[in-house]
Amino acid sequence: MRLVLISDTHLPVRAKKLPEPVWEAVERADVVIHAGDWVSAGLLDELEARAARLIGCWGNNDGPELRARLPEVARVTLDGLSVAVVHETGSAKGREARCEAAYPGVELLVFGHSHIPWDTTSPGGLRLLNPGSPTDRRKQPYCTYQTATITAGRLEDVALHNL
Numbered sequence: 327m328r329l330v331l332i333s334d335t336h337l338p339v340r341a342k343k344l345p346e347p348v349w350e351a352v353e354r355a356d357v358v359i360h361a362g363d364w365v366s367a368g369l370l371d372e373l374e375a376r377a378a379r380l381i382g383c384w385g386n387n388d389g390p391e392l393r394a395r396l397p398e399v400a401r402v403t404l405d406g407l408s409v410a411v412v413h414e415t416g417s418a419k420g421r422e423a424r425c426e427a428a429y430p431g432v433e434l435l436v437f438g439h440s441h442i443p444w445d446t447t448s449p450g451g452l453r454l455l456n457p458g459s460p461t462d463r464r465k466q467p468y469c470t471y472q473t474a475t476i477t478a479g480r481l482e483d484v485a486l487h488n489l
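The numbering of the sequence shown is the working numbering, which starts it at 327 and goes up by one.
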């Protein structure tokens, strides 16, 4: 199962559209995960139309329309892997322990908010991924997104893509 992970798109405030390499990845993916801060429902509509499957949550910059359509925390099992998607996880210090306690039984937590790519594993085995932002790099050298695969309940081939 091929995944594309994005977050913090902030459309149309930070950019007018997603970069073409992201759309190409979306069209090859089995599942697209968006970890919040869409800003406009237009991207949600477009991803729902173009992605084979979309999983997303709302972020702190998402208004009532997006909050009515998306959960604060999305939970799903993908090919045997327990996944949660949330926008905010708090500060980097202590993140692994805090998230492990907050999301028992979850094997993969996809989050956003910071615009800083993140890939760590907690002592208990929770994998934490933040794809950064494909449209607003803030203080990062590049705009980014992530891809990964899930095979029989195992997360594999996690890759960060610079734009």
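Glycine residues also receive a C-beta, built at the ideal position from the N, C-alpha and C atoms.
Per DSSP, the beta-bridge partners of E482 are T475. Contiguous alpha helix (DSSP H) elements confined to the region 354–383 occur at 367–376, taking only those with 4 or more residues.
Straight through space, the alpha carbons of Y468 and C383 are spaced by roughly 24 Å. Per the coordinates, the alpha-carbon of A367 lies some 11 Å from the alpha-carbon of E374. Beta-bridge pairing by DSSP links N456 to W444.
The beta-bridge partner set that DSSP reports for S408 consists of T403. Shown here, L435 sits in a strand according to DSSP, grouped into three states.
Assigned with DSSP and collapsed to three states, L392 falls in helix. Per DSSP, the unbroken beta strand (DSSP E) holding R328 starts and ends at 328–332. If you ignore the 5 residues before and after T461, its C-beta comes within less than 8 Å of the C-beta of D334, T335, H336, L337, R340, A341, L344, P345, C469, all in its own chain and listed in chain order.
Cβ neighbours of F437 within its own chain (closer than 6 Å, five residues either side excluded): A361, V412, T415, N456. When C-alpha distances from D388 are compared across V365, L396, R401, the shortest belongs to V365. Going by DSSP, E426 is part of the alpha helix (DSSP H) stretching over 421–428.
Looking from the CA of D371, the closest CA among I332, L392, P397 belongs to L392. Inter-residue distance for D356 and G420 is about 32 Å (C-alpha atoms, whole angstroms).
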